[in-house]
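Q:
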Amino acid sequence: MKNYLIKKATIKDLEKIHRIEKEVQIEPWSKISILSFLKAGQHIYFWCLFHKKNKRLLGYICFQLIFDELYILNISISKKWQNKGFGSIILGYLYQYAQIKDIKRIVLDVHKINQCAISFYIKCGFKFANDPKVFKGTHYIMVMSLSHN
Ligand SMILES: CC(C)(COP(=O)(O)OP(=O)(O)OC[C@H]1O[C@@H](n2cnc3c(N)ncnc32)[C@H](O)[C@@H]1OP(=O)(O)O)[C@@H](O)C(=O)NCCC(=O)NCCS
């Protein structure tokens, strides 16, 4: 049986999201930014991943749909729960959702020093949009193309 559940984030989750954000992100969102994404509507989605038994917040994902593209704005798993498959689970849900919505590409940017996230995205099937060997910026763009049958 699944030991987690995924729910739409609400303002009640703000403090906990902010705590994880400060704990794990290189460039953490401020509480005000998180709040603005929680309230945004307009094709911006914020999902939380909870432990089923103790209801603890394990992580979250925030993304935006623009026409047939989906942009991951944030994905974070609490430090204690990293490298246990939860990031892959939440991305798997996102992938299924993208299929239903007929999305053609999932796009994100990742800081070039964030090796852990880069290896995670590669493992999940993302590819670099720009050649990392010659890229001069601070954030790589990574892309996953979706095929629909
Ligand atoms: C990136 C992140 C979302 C991945 O979620 P996760 O639950 O830890 O990842 P999973 O357990 O599903 O997948 C494991 C894979 O992620 C990568 N990974 C996760 N934690 C890692 C760590 N501490 N060191 C190195 N690689 C790591 C590896 O590729 C690993 O695969 P492997 O075990 O075969 O080497 C999570 O580590 C995180 O929240 N990091 C901090 C926030 C962040 O950087 N977000 C992305 C910003 S663009």
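Residue numbers for the sequence shown follow my numbering, beginning at 5 and rising by one.
Where is the CB? At the ideal position from N, CA and C, for every residue including glycine.
1) Kindly indicate which residue of 78, 131, 34 and 119 has the alpha-carbon position closest to the one of residue 67.
2) Per the contact definition of three or more C-beta pairs closer than 8 Å, is the region 24 to 35 in contact with the region 69 to 76?
3) How is the beta strand (DSSP E) around residue 67 delimited, first residue to last?
4) Can you tell me whether residue 45 is buried or exposed? The criterion is at least 16 other CB atoms within 10 Å of its CB, across all chains shown.
5) Between the alpha carbons of residue 100 and residue 51, how many angstroms are there, rounded?
6) Is DSSP giving residue 17 helix, strand or coil here?
7) Which one or two residues does DSSP pair with residue 54 in a beta bridge?
8) Taking 7 Å as the cut-off, does the CB of residue 41 come closer than this to any heavy atom belonging to ligand 1?
9) Give a single yes or no on whether residue 96 has its beta carbon closer than 7 Å to a heavy atom of ligand 3.
10) According to DSSP, is residue 80 part of a helix, a strand, or is it coil?
11) Quick one: is the Cβ of residue 66 within less than 7 Å of any heavy atom of ligand 1?
12) From the DSSP output, in three-state form, read off residue 24 for me.
A: On the basis of the data shown:
1) 78
2) no
3) 61 to 70
4) exposed
5) 14 Å
6) helix
7) 9 and 61
8) no
9) Questions concerning ligand 3 fall outside what the structure shown contains, since the ligands it does hold are ligand 1.
10) strand
11) no
12) helix
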